[in-house]
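J.:
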Amino acid sequence: MIEFYLDGRSGLSPYMQLVQQVRHALRLGLLREGDQLPTVKDVVARLAINPNTVLKAYRELEHEGLVAARPGVGTFVTRTLTDASLAAHGRLRQDLRRWLAKARLAGLDDESIEALFMTTFRTASQEDIA
Amino acid sequence: MSAALHARDLGKRYGRRWALRDCTVDIPAGHVVGLVGPNGAGKTTLLKLAAGQLTPTSGTITVLGGRPTGEPAQLARIGFVAQDTPVYAGLSVADHLRLGARLNPGWDAALARDRVERLGLDPRHRAGKLSGGQRAQLALTLGLAKRPELLILDEPVAALDPLARREFLQGLMEAVAEHELSVVLSSHLVSDLERTCDYLIVLVGSRVRAAGEVEDLLATHHRLTGPRRSPDRLPGDWQVVSARHTDRQSTLIVRTDAPIHDPAWSVSQVTLEDLVLAYMDEPAPAHLRPVLEVKR
Chain A
14 MIEFYLDGRS GLSPYMQLVQ QVRHALRLGL LREGDQLPTV KDVVARLAIN PNTVLKAYRE
74 LEHEGLVAAR PGVGTFVTRT LTDASLAAHG RLRQDLRRWL AKARLAGLDD ESIEALFMTT
134 FRTASQEDIA
Chain B
198 MSAALHARDL GKRYGRRWAL RDCTVDIPAG HVVGLVGPNG AGKTTLLKLA AGQLTPTSGT
258 ITVLGGRPTG EPAQLARIGF VAQDTPVYAG LSVADHLRLG ARLNPGWDAA LARDRVERLG
318 LDPRHRAGKL SGGQRAQLAL TLGLAKRPEL LILDEPVAAL DPLARREFLQ GLMEAVAEHE
378 LSVVLSSHLV SDLERTCDYL IVLVGSRVRA AGEVEDLLAT HHRLTGPRRS PDRLPGDWQV
438 VSARHTDRQS TLIVRTDAPI HDPAWSVSQV TLEDLVLAYM DEPAPAHLRP VLEVKR
């Protein structure tokens, strides 16, 4: 069983935070197939959040095929997210390090690097959506 | 969707002063609705009218399809927890439950007993000796054990410390999950509303400035910063909620369903608090501005 929390400064809606926490737990192996998610009532009573928020998060996870609701029993994990991309992390990290070194060489400080990365990241993900 | 509350041109006057005037609002059922606005906006008056504790001077109000001041059967469908969660100081906790059972036809004695037990309240304790948080929880218990279809709460947590506030809202949300009741809740604490409400109404000077599902409101409002631009050169489908200008820069909060492509603007998310403040800041139409009276 996992326990949810809410980060008020994450900029993500509470429902997205719940979805991400489940995905995260699946990737890290904290949740496995057959495990039960906390009941809506438990989450609501713990976090003092709107029940619809939890329902929406669970529906989203269901839609992604990660969990299934058994009426009257609860919501259960149906799939694990064994991270196939993990192998690629090392090489990507190396690329990123090289890029960071280049950015520093060009005279960018931490804040400029972060700003450049975030704007590029946002633009790229917006283009992906569009 | 059916309406929990529907008011048209609703007004309430005390002597020469209008506490609420020309208020038109629709509140859908099946939501936890947050009602925010500055002091004097008419929130308490609206909620008291909805609970049948006041009768309108003008206009109409229907709650769950009926007049709130109608017959007892209608009143039984509406629960009301008034400002500062009042209880009878001289009566014990058990007395409160007995009174609730006597006065309410649909009283859920098991729910009341269970809640009092879980809260660790001693039934023999006088309500006047309870802490603020416990008093609020007792008032909530009475409101819930009535098993209303709509529970109205006026600033229930304003006077509570953060822990008591959290516990109160936990109890309220748990009840919503269990009993599928509609809730209307007024509060100044936007961070609480952000967690607990899925529908928000901003009331300023008796007027609804913004109303909608919290998620839609957040998705359609944006903060834009960019080179100074005059308001008449903005896209026509933007509703400019607030605009601030320096000699070089403009900062806007706009409402629009369309994505913003103009590269001159840097777009950022607004929080619910930003959004509420932007609407509360907006000047009221001239005829609705409160007239300041000179005290002699």
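Residue numbers (the working numbering), protein chains in the order written: chain A, 14 to 143; chain B, 198 to 493. Built from N, CA and C at the ideal position, the CB exists for glycine as well.
Please go through the same chain and pick out, in chain order, the residues whose beta-carbon is closer than 6 Å to the beta-carbon of Ala-475(B), but skip the five residues on each side of it.
T.: Stepping through the second sequence from its first residue, residue 475(B) is reached at position 278. Counting only Cβ-Cβ distances below 6 Å, and skipping sequence neighbours, we find Val-438, Ser-439 and Ile-450.
J.: According to the Cβ coordinates, are Ile-349(B) and Ile-275(B) closer than 9 Å?
T.: Numbered from its first residue, the second sequence carries residue 349(B) at position 152. Numbered from its first residue, the second sequence carries residue 275(B) at position 78. Contact flag set, yes.
J.: Comparing alpha-carbon positions, which option in Ser-403(B), Ser-463(B), Ser-199(B) and Leu-357(B) lies nearest His-419(B)?
T.: The residue labelled residue 419(B) in the question sits at position 222 within the second sequence. The shortest Cα separation from His-419(B) among Ser-403(B), Ser-463(B), Ser-199(B) and Leu-357(B) belongs to Ser-463(B).
J.: Hey, quick one: how far does the alpha helix (DSSP H) through Val-464(B) stretch, first residue to last?
T.: On the second sequence, position 267 is the one that residue 464(B) refers to. No alpha helix (DSSP H) holds Val-464(B); the beta strand (DSSP E) holding it covers 463 to 466.
J.: When you compare the CB positions of Asp-219(B) and Arg-406(B), do they come within less than 9 Å of one another, or not?
T.: Indexing the second sequence from 1 puts residue 219(B) at position 22. Indexing the second sequence from 1 puts residue 406(B) at position 209. Not a contact, by the Cβ cut-off of 9 Å.
J.: Measuring only between beta-carbons, confirm whether Arg-392(B) sits less than 9 Å from chain A.
T.: Mapped onto the second sequence, residue 392(B) falls at position 195. Chain A contact via Cβ: present.
J.: What in chain A is Cβ-close to Asp-395(B), meaning under 8 Å?
T.: Within the second sequence, numbered from 1, the residue matching residue 395(B) stands at position 198. Under the 8 Å cutoff, chain A gives Asn-63, Asn-65 and Thr-66.
J.: Please indicate yes or no: does the CB of Arg-420(B) lie closer than 8 Å to some heavy atom of the ligand HEM?
T.: For the structure depicted, the ligand HEM is absent and the ligand set is empty, with no information on it obtainable.
J.: What in chain A is Cβ-close to Ser-388(B), meaning under 9 Å?
T.: For the purposes of this step, residue 388(B) is taken as the residue at position 191 of the second sequence. Ordered by position in chain A, the residues that pass the 9 Å Cβ test against Ser-388(B) are Gly-21.
J.: Going by DSSP, name the residue or residues bridged to Leu-382(B).
T.: Translated into positions along the second sequence, residue 382(B) becomes position 185. Leu-382(B) is bridged to Gly-231(B) and Leu-350(B).
J.: Hey, how far is the Cα of Val-491(B) from the Cα of Glu-314(B)?
T.: Here residue 491(B) refers to the residue found at position 294 when the second sequence is read from its first residue. Here residue 314(B) refers to the residue found at position 117 when the second sequence is read from its first residue. Summary for Val-491(B): the model assigns pLDDT 47, below 50, so the residue's position carries little reliability, and this model does not support an answer.
J.: With DSSP run on the structure shown, which of helix, strand or coil describes Val-488(B)?
T.: By one-based count along the second sequence, residue 488(B) stands at place 291. Bear in mind that the predicted position of Val-488(B) carries a pLDDT of just 45, short of 50, making it too unreliable to give a figure here.
J.: With C-beta atoms as the reference, is Leu-327(B) less than 9 Å away from Leu-339(B)?
T.: In the second sequence, counting from the first residue as 1, residue 327(B) sits at position 130. In the second sequence, counting from the first residue as 1, residue 339(B) sits at position 142. No, the pair does not count as a contact, with Cβ atoms beyond the cut-off.
J.: I'd like to know whether the C-beta of Glu-375(B) is nearer than 9 Å to at least one C-beta of chain E.
T.: Given the protein chain composition of this structure (A and B), no chain E is represented.
J.: Compare the C-beta of Arg-59(A) with all C-beta atoms of chain B and state if any pair is closer than 9 Å.
T.: Reading the first sequence from its first residue, position 46 is the one you call residue 59(A). Residue contact check for Arg-59(A) against chain B: a CB pair falls below 9 Å.
J.: Along the region 415 to 433 of chain B, what residues have a CB closer than 8 Å to any CB found in chain A?
T.: Leu-415
J.: Using DSSP's beta-bridge definition, name the partner residues of Asp-223(B).
T.: As a position in the second sequence, residue 223(B) is number 26, starting the count at 1. His-203(B), per the DSSP bridge assignment.
J.: Which residues does DSSP pair with Leu-288(B) in a beta bridge?
T.: The count along the second sequence starts at 1 and reaches residue 288(B) at position 91. Looking at the DSSP assignment, Leu-288(B) forms no beta bridge with any residue, so it has no partner.
J.: Give the residues of chain A in contact with Val-229(B), contact being defined as C-beta atoms less than 7 Å apart.
T.: As a first step, residue 229(B) is located in the second sequence; it is residue number 32 there, counting from the start. Neighbours of Val-229(B) on chain A, chain order: Asn-63.
J.: Quick one: list the residues of chain A neighbouring Leu-366(B), beta-carbon separation under 9 Å, in chain order.
T.: Locating residue 366(B) in the second sequence gives position 169, where the first residue counts as 1. Under the 9 Å cutoff, chain A gives Ala-61 and Ile-62.
J.: Phe-277(B) bridges to which residues according to DSSP?
T.: Here residue 277(B) refers to the residue found at position 80 when the second sequence is read from its first residue. Secondary-structure assignment with DSSP links Phe-277(B) through a beta bridge to Ile-349(B).
J.: Looking at C-alpha atoms only, which residue of Gly-231(B), Trp-215(B) and Ile-224(B) is the closest neighbour of Val-411(B)?
T.: Translated into the one-based positions of the second sequence, residue 411(B) becomes position 214. Closest by alpha carbon: Gly-231(B).
J.: Roughly how many whole angstroms lie between the Cα atoms of Pro-27(A) and His-37(A)?
T.: By 1-based counting over the first sequence, the position of residue 27(A) is 14. By 1-based counting over the first sequence, the position of residue 37(A) is 24. The alpha-carbon atoms of Pro-27(A) and His-37(A) are separated by roughly 15 Å.
J.: Determine the burial state of Lys-115(A): buried for a count of at least 16 other Cβ atoms within 10 Å of its Cβ, exposed for fewer.
T.: Position 102 of the first sequence, counted from the start, is the residue given in the question as residue 115(A). By the 10 Å Cβ count, Lys-115(A) comes out exposed.
J.: Would you say Lys-494(B) and Asp-351(B) are within 9 Å of each other, going by their C-beta atoms?
T.: It is not possible to answer for residue 494(B), since the shown part of chain B is limited to 198 through 493.
J.: Kindly identify the DSSP beta-bridge partner or partners of Ala-408(B).
T.: For the purposes of this step, residue 408(B) is identified with residue 211 of the second sequence, where counting begins at 1. DSSP output for Ala-408(B) lists Ile-398(B) as bridge partner(s).
J.: Which whole-angstrom value describes the C-beta separation of Ile-62(A) and Thr-393(B), a residue pair presumed to lie in contact below a C-beta threshold of 8 Å?
T.: Within the first sequence, the letter at position 49 stands for residue 62(A). Within the second sequence, the letter at position 196 stands for residue 393(B). That belief holds up - the Cβ atoms of Ile-62(A) and Thr-393(B) are roughly 7 Å apart, short of 8 Å.
J.: Determine, using beta carbons only, whether Val-354(B) and Asp-389(B) come nearer to each other than 9 Å.
T.: Counted from its first residue, the second sequence places residue 354(B) at position 157. Counted from its first residue, the second sequence places residue 389(B) at position 192. Yes; because the gap between Cβ atoms is below 9 Å, this pair is in contact.
J.: Between Leu-251(B) and Val-222(B), is the Cβ-Cβ spacing less than 9 Å?
T.: Working through the second sequence from its first residue, we reach residue 251(B) at position 54. Working through the second sequence from its first residue, we reach residue 222(B) at position 25. Not closer than 9 Å, so no.
J.: What residues in its chain sit with their C-beta under 6 Å from that of Arg-213(B), if we drop five residues either side in the sequence?
T.: Here residue 213(B) refers to the residue found at position 16 of the second sequence. Nothing listed; no residue qualifies.
J.: State the DSSP-derived secondary structure class of Arg-425(B), mapped to helix, strand or coil.
T.: In the second sequence, the residue the question calls residue 425(B) occupies position 228. Residue state, collapsed to three classes: coil.
J.: If I measure Cβ to Cβ from Pro-225(B) and keep anything under 7 Å in the same chain, skipping five residues before and after, which residues do I get?
T.: Here the question's residue 225(B) lines up with position 28 in the second sequence. Only Met-198, Ala-200, Ala-201 and Tyr-396 meet the Cβ criterion.
J.: By the 10 Å Cβ neighbour count, where 16 or more other Cβ atoms means buried, how is His-203(B) classified, buried or exposed?
T.: Working through the second sequence from its first residue, we reach residue 203(B) at position 6. A buried status is given to His-203(B), since no fewer than 16 other beta-carbon atoms sit within 10 Å of its beta-carbon.
J.: Could you tell me which residues DSSP pairs with Gly-87(A) in its beta bridges?
T.: By 1-based counting over the first sequence, the position of residue 87(A) is 74. For Gly-87(A), which the question treats as bridged, DSSP gives the partners Arg-83(A).
J.: Measure the Cβ-Cβ separation of Val-86(A) and Met-370(B) and say whether it is below 9 Å.
T.: The residue labelled residue 86(A) in the question sits at position 73 within the first sequence. The residue labelled residue 370(B) in the question sits at position 173 within the second sequence. For Val-86(A) and Met-370(B), no; Cβs fall outside 9 Å.
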